[in-house]
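So that you can map any letter, position 169 of the sequence shown is 191 in the working numbering, and since no number is skipped, the others follow by simple counting.
C-beta atoms are modelled at their ideal positions from N, C-alpha and C, and glycine is treated no differently.
A quick note: this is a predicted structure, and the numbers were derived from the prediction, not measured.
Here's the structure we're looking at; comments come further down.
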Amino acid sequence: MGQNSLSKSQDGFWIRDGDNFINVEKNIDGSLFKGLTVIELNDSHKVERIVKSENAIFDGQTINMDATNIFSINSSSAFEDITLKERNLYKKRVAFDQDLINSLEKEPKELSTIAIFRQIQFLKDNKLRVKVFEVELYKRLVKPLTLIAMISLAMLFIFGSTRDATLGRKIFFGVSIGLSFELISRIGGAVALSFEFNSLISSFGPPLVLMTIAIAILIKKSSQ
């Protein structure tokens with residue numbers, strides 16, 4: 023559906039590689055594939071060639087197939103002409119690598135920041151949806167800013183006279199604001215995914231707004 027470059031089934035996966043669609047029926051350790059099918063499209067987005075092999079070895083850059091059947095489809099005439107070629111060995115160079123295959127069973131939050139960045143680049147190169155990975159990446163990048171915003175917020179409850187509010191009330195309001203901020207941050211990520219809203223704004227917006235409000239209040243209190 024375009025949300026991912028990968029669609030994992032119980033035994034194998036689908037993956038898009040440029041204008042090619044690759045299906046692996048069984049993935050063994052990310053390097054040995056069973057039941058491989060490569061669907062190649064032409065510039066008109068029509069199927070031009072189908073490559074099938076029962077066994078293949080992936081070395082991180084190239085899929086090396088043995089006993090390969092290559093079905094070429096010629097649609098230029100009134101009738102489609104399908105020809106079959108058999109190869110004892112066929113090599114297919116791909117844009118993805120071993121790390122991408124190994125990340126099949128992992129959620130974005132389980133990947134390293136570098137792996138997420140590489141995943142985003144791969145998805146963009148193949149014109150696929152990157153929102154899920156962008157939201158996770160921006161959530162990690164915004165953490166320092168979130169920390170500054172929370173420290174600024176905490177200072178509002180540290181300084182000031184206890185006659186304005188009791189310590190228990192300050193703690194209650196501080197916890198309430200912190201939980202509300204966390205909820206708003208999560209809602210921002212959900213909005214970005216559901217309504218195609220800018221994920222950068224949805225991630226950096228809440229801490230920036232909170233930090234601006236906290237600093238403005240601190241400046242006002244300091245001037246009194």
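Just to confirm before moving on: does the CB-CB distance between Tyr160 and Ser221 stay below 8 Å? yes
Among Arg109, Ser244 and Ser125, nearest to Phe155 - alpha-carbon criterion: Ser125
Is the stretch 165 to 177 touching the stretch 228 to 236, taking contact as three or more C-beta pairs under 8 Å? yes
Is it the case that the stretch 97 to 108 contacts the stretch 130 to 148, given that we only count it when at least three CB pairs across the two stretches are under 8 Å? no
The alpha helix (DSSP H) that contains Asp10, what's its start and end? What is shown of the chain runs 23 to 246, which leaves residue 10 out entirely.
Just tell me which of Thr135, Ala89 and Ser224 has its CA closest to the CA of Asn77. Ala89
Buried or exposed (CB count within 10 angstroms, at least 16 for buried), Phe195: exposed
What distance in whole Å lies between the Cβ atoms of Gly210 and Ser198, which are believed to be in contact at a cut-off of 8 Å? That belief does not hold up - the Cβ atoms of Ser198 and Gly210 are roughly 19 Å apart, past 8 Å.
Proximity winner among Val116, Val157, Lys149 and Thr84, relative to Glu129 (alpha-carbon distances): Val157
Alpha carbons only, please: which of Leu58, Gly190 and Val164 is nearest the one belonging to Leu232? Val164
Please state the DSSP three-state secondary structure of Gln25. With a pLDDT of 48 at Gln25, under the threshold of 50, the modelled position of that residue is not reliable, and the figure given next carries that caveat. Residue state, collapsed to three classes: coil.
On the DSSP bridge assignment, give the partners of Asn91 in chain order. Lys74 and Glu108
If you draw a straight line from the alpha carbon of Ile61 to that of Asn42, how long is it in whole angstroms? 6 Å
Alpha helix (DSSP H) segment containing Gly252, residue limits: In the structure as shown, the chain begins at 23 and stops at 246. Residue 252 is therefore absent and cannot be evaluated.
Since Arg71 and Phe93 should fall inside the 8 Å C-beta cutoff, what is the C-beta to C-beta distance between them, to a whole number of angstroms? 7 Å
Assign Ile123 to buried or exposed, taking buried as 16 or more other Cβ atoms, counted over all protein chains shown, within 10 Å of its Cβ. buried
Lys243 to Leu178 span [Cα, whole Å]: 9 Å
For Glu132, the three-state DSSP class (helix, strand or coil): helix
With distances taken between CB atoms, is the gap from Asp39 to Phe118 smaller than 8 Å? yes
Report back the beta-carbon spacing between Ile79 and Ser97 to the nearest angstrom; my notes put them in contact at under 8 Å. Going by Cβ atoms, the distance from Ile79 to Ser97 rounds to 32 Å, so no, they are not a contact pair.
Which listed residue (Leu167, Leu133 and Val116) has its alpha carbon closest to that of Asn148: Val116
Per-residue burial, Ile85 [other beta carbons within 10 Å of its own, 16 or more giving buried]: buried
Per DSSP, cross-strand counterpart(s) of Asn49: Phe55
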